[in-house]
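Here the protein sequences line up with chains A and B, keeping their order. When we follow our numbering, the leftmost residue of the first sequence carries the number 3, and every step to the right adds one. When we follow our numbering, the leftmost residue of the second sequence carries the number 28, and every step to the right adds one. All residues carry an ideal CB built from backbone N, CA and C; glycine is no exception. Contents: one structure, followed by commentary.
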Amino acid sequence: MKSLKRHFTALAMSACVLLPTSVQAGKVEVLHWWTSGGEARAAKALKQMMEDQGHTWKDFAVAGGGGEAAMTVLKSRAVSGNPPAAAQIKGLEIREWAELGFLTSLEGVADNQNWDQLIPPMISDVMKYEGQYVAVPVNVHRVNWLWVNPDVMDKVGVKVPTTLDEFFEVADKLKAEGYIPLAHGGQPWQDATVFDAVALAELGPEDYRKAFVEHDMDVINSKKMERVFAQFDKVMSYVDDNAAGRDWNTATGMVMEGEAAMQIMGDWAKAEFTAAGQTPGEDYLCAPAPGTSGDFTFNVDSFAMFSLSDEEDVKAQKDLARTILKPEFQTLFNQNKGSIPVRTDMDMGDFDSCAQASMDTFQSSSDDGGLVPSFSHGLATTSHIQGQIFDVVTNFANSDNPDPAKTTDQLASAIQSAM
Amino acid sequence: MEYRQRRPSGVARVSSGMMDSLQRWLPKLVVAPTVLIIGIGIYGFMLWTAVLSFTDSSFLPSYNFVGLEQYAKLMESQRWLVASSNLALFGGLFIGICLLIGVVLAIFLDQRIRQEGAIRTIYLYPMALSMIVTGTVWRWILNPRQGLEKMMHDWGWTSFSFDWLVNPDFAIYTIVMAAVWQASGFVMALFLAGLRGVDSSIISAARVDGASLPVIYWKLILPSLRPVFFSSVMVLAHIAIKSFDLVMAMTSGGPGYSTDLPAVYMYATTFTRGQIGQGSASAMLMLGAILALLVPYLYSELREKRHD
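Structure below.
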């Protein structure tokens, strides 16, 4: 009996040891899923910059692609009142977290650093809740890119297409010569990424925004949308039969090796080319996705900042927000990730030609209204509606006899049911 | 009893009283944590899921009750219907084929063949792999660009085509293939154990009466293995309904969502899309499916046993 009691005591004591120990001053805990290659290097740089300012960095990296595993951990931590300082949350999810009262206002830092001047309003809107910054943007990805293998184009004697009609013409010639015109991976988000580009080309930025941001049924359930589906079907017909389940970077590899000629993918694909030692303009070309030159579908990574209780930690958190928007970090991070800085006042001299072109379009489109949030990457709509659109699009892309009219109806009712 | 009465000192009697009560309490004490953990971890959360399925919980649980709305939405969802019919197809084929292959292999192995131990191990080994490994290996084998089809093409049979994995109409059958490969050895082992337990004198008696071997197996031996069928179906049915890892490793539900199973749907809605209410409703329907299958089966099996 005595020994039993002793065991229980020991158990209870070991349980105490396992509980979190006292909080250290100036600690910043960051949840992210930058765990591979260039991203991991960038995260390390941020850590170094924070430590140089005298703060302790607690890494909370949860691997797993889209960060689903990380989100589950984050939810339980936030609900139990122990959230990290910052978490990689993007798009409309920032607003969902803010509505639940978990996020803290960054007004002091934002005013100090003059964020409203640095960041285009389209993007700062996403970062704000009730007029106050609750998240800090890290980078801007352009989604509507076309990646091209110039050798293949030269061999067949075709130019990089600028419209969808040109694309079909070029693709037919490529196909006749035995090349795969469009490298693609048959995963729902990749289907949606191509659909995203085709929809922007067919609808134009204004109707794109009406359909995917405002969910205006007059645009969603219209002849125009039917045409988007018809064109999307035609684009997908230039994909090889074995695309199902292929990862996006495998598809990029097919373009690199000259097996396929083109790929429609966001500029994270550039990191693959860079990693293979290729130079833009020589070994590969980047061009706007057919029919979308001058327009810019953006996908912004960001950190949402959680409400913390400890004074020192709050200070560290503010420093983190400031550091993320510093030009040094913006340059270093975005060169590694393939994206462009979120600040429009940056010197782009150190970036490659694709990034420079991206920045030019970013600035011009934010003035002329061609800048739209990407629905396929969660910037335009809630994850629920996004999921519904994904289902319809991917089902259409994998259908034996796709019917644009019927699918348009399905899209409308799917979005309606999720609103 | 006599021994105990003969014990002289009162101390011993007291301590034996304590021992007795300890003996009475210890099993309960030892089992208590398990009961508690199962009670909360399984039945408690089951109940919570049931409650959540009647709420409009989106990405965190909320308690704003909306009645059966989540179930109604689920029934309208094209993807859920695909997932459910896939489960019926997958479950039916998986259980059926596993039983067939398992029984046939067990009967063959029961013919006192040479090297039985080695062969038995070979057939049983797939069970030692996790579904993720099985799924990944089969994905590589069946992928037309790198697996079987490519090998045939490289060997010169260029007209060979096997693209089920990337064909939305047939992809679900590749999942069945992988699952059958994994589980049929296990069914074989169960039946082999059952066959070894059959009294050989029955077989001899039937032989004397002039029954042929197939007839003996069909009419005599297999009916006597009903309990083995019972446990096999139990195990296979729950593997089928909870199947998630195999699908994720092989196709991630694709092409499109043509190989979605309810468990995959549940995960996607609850965790990827932040629709906890909807996800809970689908989880409750999965639970309902399991109960609808198992309760009548359990009932009939257990009742008949009592009649024996």
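Comparing C-alpha positions only, which one of Asn338(A), Ser82(A) and Glu228(A) sits nearest to Asp269(A)? Of the listed residues, the one whose Cα sits closest to Asp269(A) is Asn338(A).
Nearest-angstrom beta carbon gap, Ser415(A) and Asp198(A) [assumed within contact, 8 Å]: The pair is not a contact, with the Cβ atoms about 21 Å apart (cut-off 8 Å).
Backbone CA spacing between Lys236(A) and Phe213(B) [nearest angstrom]: Between the alpha carbons of Lys236(A) and Phe213(B) lies a gap of roughly 47 Å.
Under a Cβ-count criterion, where at least 16 other Cβ atoms within 10 Å of its own Cβ denotes burial, should Leu53(B) be classed as buried or exposed? Label assigned to Leu53(B): exposed.
What ranges does the alpha helix (DSSP H) occupy inside the region 71-128 of chain B, keeping only unbroken runs of at least 4 residues that lie completely in it? Counting whole runs of 4 or more residues, the region 71-128 of chain B contains the alpha helix (DSSP H) stretches 72-79 and 96-103.
Identify which residue in Ser224(A), Val257(A) and Thr294(A) has its Cα closest to the Cα of Ala278(A). Of the listed residues, the one whose Cα sits closest to Ala278(A) is Val257(A).
Rounded C-alpha distance that separates Gln189(A) from Glu328(B): C-alpha separation (whole angstroms): 44 Å.
Closer than 9 Å between beta carbons: that is the criterion. Which residues of the region 69-93 of chain B meet it against chain A? For the region 69-93 of chain B, the set of residues with a beta-carbon nearer than 9 Å to any beta-carbon of chain A comprises Ser85, Phe86, Leu87 and Pro88, in chain order.
Quick one, are the C-beta atoms of Asp315(A) and Lys29(A) less than 7 Å apart? The answer is yes: Cβ separation under 7 Å.
Buried versus exposed, by CB contacts within 10 Å (16 or more), Thr278(B): Result: buried.
Name the DSSP bridge partner or partners of Trp250(A)? Bridge partners of Trp250(A) according to DSSP: none are assigned.
DSSP three-state label for Arg144(A), please. Correct three-state label for Arg144(A): strand.
Looking at the structure shown, is Ala63(A) part of a helix, part of a strand, or coil, going by DSSP? Ala63(A) carries a strand assignment under DSSP once its states are collapsed to helix, strand and coil.
Report the rounded CA-to-CA distance for Glu168(A) versus Phe308(A), giving the unit in angstroms. The alpha-carbon separation between Glu168(A) and Phe308(A) amounts to approximately 48 Å.
Does the CB of Asp393(A) have a neighbour CB from chain B at under 7 Å? Yes - at least one Cβ of chain B is within 7 Å of the one on Asp393(A).
Which residues of chain A have a Cβ atom closer than 9 Å to the Cβ of Glu103(B), listed in chain order? Correct list: Ser415 and Ser419.
Helix, strand or coil at Met154(B) [DSSP, three-state]: In the structure shown, Met154(B) sits in a helix (DSSP, three-state: H, G or I).
Go to Val302(A), then tell me how far its beta strand (DSSP E) extends in each direction, as first and last residue. It spans Phe298 to Met307 - the beta strand (DSSP E) in which Val302(A) sits, taken as one unbroken run.
Using a Cβ cut-off of 8 Å, pull out every chain A residue sitting near Phe298(B), in sequence order please. Neighbours of Phe298(B) in chain A, taken as residues at a C-beta separation under 8 Å, are given in chain order as Glu70, Met73 and Thr74.
Nearer than 6 Å: is that true of the beta carbon of Lys236(A) relative to any heavy atom of the ligand MG? No copy of the ligand MG occurs in the structure displayed, which carries no ligand at all.
Within chain A, partners of Val193(B) - CB distance below 8 Å: Here the neighbours are Gly188, Asp243, Asn244, Ala245, Ala246 and Gly247.
Buried or exposed, going by whether 16 or more other CB atoms sit within 10 Å of the CB of Leu325(B)? That one is exposed.
Strictly below 8 Å CB to CB, what residues from chain A border Ser285(B)? Neighbours of Ser285(B) on chain A, chain order: Asn400.
Looking at the unbroken beta strand (DSSP E) that takes in Gln319(A), where does it start and where does it end? Gln319(A): not part of any beta strand (DSSP E); member of the alpha helix (DSSP H) spanning Glu313 to Ile326, first to last residue.
Skipping 5 residues on each side, what residues in its chain have a beta carbon closer than 7 Å to that of Glu228(A)? The answer, listed in chain order, is Pro406, Ala407 and Thr410.
Ile202(B) versus Leu314(B) - alpha carbon distance: Cα-Cα distance, rounded: 22 Å.
Euclidean distance between Cα positions of Phe121(B) and Leu263(B): Using only the alpha carbons, I get a separation of about 8 Å.
Count the other CB atoms within 10 Å of the CB of Gly282(B); is the residue buried (16 or more) or exposed (fewer)? According to the sequence displayed, residue 282(B) carries Pro and not Gly. By the neighbour-count rule (16 or more Cβ atoms within 10 Å), Pro282(B) is buried.
Is Thr165(A) near Gly293(A), with beta carbons less than 7 Å apart? Yes, they are a contact pair.
Contacts around Gln26(A), its chain only, beta-carbon distance under 7 Å, and the 5 residues preceding and following it disregarded: In this prediction, Gln26(A) scores a pLDDT of 44, lower than 50, which makes its location untrustworthy; no coordinate-derived value is stated.
Please list the residues of the region 105-133 of chain A that have a C-beta atom closer than 7 Å to any C-beta atom in chain B, keeping them in chain order. Legend: CB atoms of the region 105-133 of chain A lying less than 7 Å from CB atoms of chain B are not found in any residue.
Are the C-beta of Arg106(B) and some C-beta of chain A separated by less than 7 Å? Contacts with chain A at 7 Å (Cβ-Cβ) include Arg106(B).
At what residues does the beta strand (DSSP E) containing Met348(A) begin and finish? Counting along the chain, Met348(A) falls outside any beta strand (DSSP E), and DSSP gives it neither H nor E.
Opening and closing residue of the beta strand (DSSP E) in which Glu428(A) lies: The structure shown does not extend to residue 428(A), since chain A spans only 3 to 421, so no value can be given for it.
For Lys60(A) and Ala88(A), I'd like the C-alpha separation in whole angstroms. Here the alpha carbons of Ala88(A) and Lys60(A) stand approximately 11 Å from one another.
Between which residues of its own chain and Tyr350(B) is the CB-CB distance below 7 Å, once the five residues before and five after are set aside? The structure shown does not extend to residue 350(B), since chain B is modelled only from 28 through 335, so no value can be given for it.
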